[in-house]
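Number of protein chains: 2
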Amino acid sequence: MAIRKTTIEEVAGLARVSIKTVSRVINDEPNVRPSTRQRVLDAIERLHYHPSQSARSLAGARSYLIGLLYDNPSSSYVTNVQEGVLDRCRAEGYELIINPCDYKDPDLCTQVSKMVSQARLDGLILTPPLSDHKALVSTLDDQGIPFVLIAPPDRSDPARSVFTDDRESCCEMTCYLASLGHEQIGYIIGHPDHAAVGTRFLGYKDGLDRSGIRFDERSTEQGYNSFESGELAARKMLSLDPRPTAVFAGNDDMAAGAMKMAHELGLGIPEDLSIVGFDDVPLASHLWPALTTIRQPIREMADKAAELLLRQIRGESREELHSIPSTLVIRDSTGPKPDSNNGRLGSGSMKEADSESRGTEIRSA
Amino acid sequence: MAIRKTTIEEVAGLARVSIKTVSRVINDEPNVRPSTRQRVLDAIERLHYHPSQSARSLAGARSYLIGLLYDNPSSSYVTNVQEGVLDRCRAEGYELIINPCDYKDPDLCTQVSKMVSQARLDGLILTPPLSDHKALVSTLDDQGIPFVLIAPPDRSDPARSVFTDDRESCCEMTCYLASLGHEQIGYIIGHPDHAAVGTRFLGYKDGLDRSGIRFDERSTEQGYNSFESGELAARKMLSLDPRPTAVFAGNDDMAAGAMKMAHELGLGIPEDLSIVGFDDVPLASHLWPALTTIRQPIREMADKAAELLLRQIRGESREELHSIPSTLVIRDSTGPKPDSNNGRLGSGSMKEADSESRGTEIRSA
DNA sequence: CTGAAAGCGCTAACAA
DNA sequence: TTGTTAGCGCTTTCAG
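Chains as they are written, first to last, in this note's numbering: chain C, 1126 to 1490; chain Y, 1126 to 1490.
Below is the structure:
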């Protein structure tokens, strides 16, 4: 089978020190003379020594395992978060245990605590919508297990949270639409269970304000984050008279639904209707026309979350605010308001410019 | 912090047996009188006892960890595989370590062996395109580490592989198109590095054969699995004269690209052109019109792979062939051949029937 | 069928 | 700055 494991003792033997000294070197503990440390390091290298995680965690307190809790908002989101967290974990000698959950499960809290204690996880990272699950968060808090929240609903716990600027970027997107001449900009609200939904909606209103457009409740429809809910919301919204010339959907799936509905109603995009989304899932750039949207820095947020968690586990956490900006991605689903020369771009010019690109990025405030 | 761990000794105490007997019960070993076993089980229950993985793996040989190797073909594929494997692992007391790889990395083999020995993985599951990476597979074989391949290129190692019927389902899809009256059916080939690509192409040819249509090389274009390559391939293919009335793309992303190109060329789908894909990624049902495609039983395959792996680890593997059928999903992107009444369905009737549904499923041979 | 003893490879006190 | 001595909680011999 596999090559027999080299142990700490063999390393100690080769380096002519005690195993405790080797242990010190492995764990970056102080009180080792540089020359000794080097000798140990050489021995480790020579023997291809890797400490046994099982032994370490049995003897010590830690498992060197951290858990990632998520309730699949979209698979691309999940894989991005995983990769971001994984890179950081591995780099610091930790492994990742992934944990799909159901945020509506009444005994989610019980399950999670059980899983944490069974697997002896050293810490947890929660993504939305789990990061805004009050009961879960306070259960973890009570258990005293370290955790970090990705995109939680409020900024009350900065040392244990990583944010992006949803509100600002939505405001900016709305202003962008206004700058194209649109005056009636509909908004499809996301699933009420998700905290980010409220923030995005506020950003939309901010943008209206800043562009001097009055918020009109009739231009707003409730969606539920799904493609189908986007279709339905768009159907209602597009039957208004006058009808909005632009629609801002709270996520890309709903935007895709709205786009399909527009096609079915015979509306040209962007000639008759501009549509924008939020997330920049892979789908966005594969729609016809390619969707203008907002890209979240998911991977970076995940990496930062893992960094904060590991820092917390080591007891070095600090009280800073960690926020990473989102980015507008302008593609082909947006254009000047129909029958208007207010827009800055002539009809069609935009399409030509970007048709082959992955979209134009504009750094968000 | 967390509640102090209950140990095997406390259980033994309560059950009035030795720790060895408790160990036997935990590991489902024989030679325990049923009544004794029950007493132990009760004690375990009463104490909420969970064995320490670290201790088990330190004392025993196993780590109770299995690894999943993948090179992200698509995020929905990855998350599906993960969930399938995870369910099975957890159910049998194992944990999953995920491992994104780069199949083109020249020292992939080295990295993987190192990771396996460092993390002391008990076994591995490989997904395409890693499962058709000859060098990798033989490295693992040499190391003697148990593994299972998902959808490998050939059926030479059935005990360690899980298959689906790519070829048969592609044949069937082609026949379906032929049954709608199409006689010139283009095919966009996938990335040459992926073994499944060849199989699917063979299935397409089978279908042509079976439908009495002659294979014409000019109706074939090379793609590279990406959306963009689908656009390009479609552009070439649709400029043929006469132009194909149906296009079969080797995956959904390329089909989406082809669809976009068709839209840009002003072709109606399915009135002027039928398009089908392969995979049934979430994108497929969100396109306009919704894409007819083939659904792979990813989760089931993953579950089966985990089952085979665990069986192998326990030394009980058998030499059966494990193949799980794929399914045709008929949506709105396919219809009768234009200017033809050969199809079994009148124009438009299909659309009506399925417009709100997730598609009609037809069990594949 | 059951149990006693000896580690697995490491970390955590405590000495030196 | 370094080493010694106990275990961590389990599985594995090998005896009963």
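From the three backbone atoms N, C-alpha and C, an ideal C-beta is built for every residue, glycine too.
What C/Q1421 touches in chain Y, judged by beta-carbon distance under 8 Å, is nothing: the nearest beta carbon there is about 15 Å away. Check the Cα spacing between Y/G1248 and each of Y/P1231, Y/R1285, Y/D1232, Y/P1277: the tightest is with Y/R1285. Cβ-Cβ separation between Y/I1275 and Y/P1253: approximately 7 Å, consistent with a contact (criterion under 8 Å). Counting C-beta atoms within 10 angstroms of its own C-beta, Y/T1235 has fewer than 16 neighbours from the protein chains shown and is therefore classed as exposed. For C/F1272, the enclosing beta strand (DSSP E) begins and ends at 1272 to 1275. Among the residues facing chain Y, C/D1378 is included, as its CB has a counterpart in that chain under 8 Å away.
The C-beta of C/S1294 has 16 or more other C-beta atoms within 10 Å across all chains shown, which makes the residue buried.
About 13 Å separates the CB atoms of C/C1226 and C/D1257; that is not less than 8 Å, and the two are not in contact. The alpha helix (DSSP H) runs of length 4 or more contained entirely in the region 1305 to 1379 of chain Y are, from start to end of the chain, 1320 to 1335, 1352 to 1363. Distance from the CA of C/E1135 to the CA of Y/D1232, rounded to the nearest whole angstrom, comes to 28 Å. As computed with DSSP, C/F1403 is found in no beta bridge at all.
In this chain, C/T1289 is not harboured by any alpha helix (DSSP H); it is covered by the beta strand (DSSP E) spanning 1286 to 1289. Under the Cβ distance rule, C/V1262 does not count among the residues neighbouring chain Y, no pair being separated by less than 8 Å.
The three-state reading of DSSP puts C/E1217 in coil, since its state is none of H, G, I, E or B. Judged by pairs of C-beta atoms under 8 Å, the region 1397 to 1404 of chain C does not touch the region 1150 to 1165 of chain C, as fewer than three such pairs exist. Taking 8 Å as the CB threshold, Y/Q1437 stays off the interface with chain C. In the three-state reduction of the DSSP assignment, Y/I1423 falls in the helix class. DSSP lists C/V1401 as the beta-bridge partner residues of C/T1417. C/S1364 is classed as exposed because its beta carbon has fewer than 16 other beta carbons within 10 Å across all chains shown.
Taking a 10 Å sphere around the C-beta of C/E1346, we find 16 or more other C-beta atoms and assign the residue as buried. Contact fails between the region 1420 to 1435 of chain C and the region 1383 to 1395 of chain Y, because fewer than three Cβ pairs, one in each stretch, are under 8 Å apart.
As computed with DSSP, C/P1225 is found in a beta bridge with C/Y1195.
DSSP lists no bridge partner for C/G1185. Less than 8 Å divides the Cβ of C/Y1301 from the Cβ of C/L1453. Residues of chain Y whose Cβ lies closer than 7 Å to the Cβ of C/I1222 are, in chain order, E1220. Between the alpha carbons of Y/V1203 and C/T1204 lies a distance of about 8 Å. Annotation for Y/L1233: the continuous alpha helix (DSSP H) segment containing it runs 1233 to 1244. With respect to chain Y, the C-beta atom of C/N1197 has a partner C-beta closer than 8 Å. DSSP lists no beta-bridge partner residue for Y/V1165. When the five nearest sequence neighbours on each side are left out, the beta carbons in the same chain lying within less than 7 Å of the beta carbon of C/Y1228 are those of D1196, P1254, L1255, H1258, in order along the chain. In the structure shown, Y/G1269 falls within a coil segment according to DSSP collapsed to helix, strand and coil. Y/A1359 is positioned such that its CB atom lies closer than 8 Å to that of Y/G1382. Among the residues of chain C, none has a CB under 7 Å from the CB of Y/T1459; the nearest is roughly 17 Å distant. At a cut-off of 8 Å between C-beta atoms, Y/K1361 does not count as an interface residue with respect to chain C. In this structure, C/L1139 and C/R1171 form a Cβ contact; the two beta carbons are roughly 7 Å apart against a cut-off of 8 Å. Taking 8 Å as the threshold, the shortest C-beta distance from Y/F1352 to chain C falls below it.
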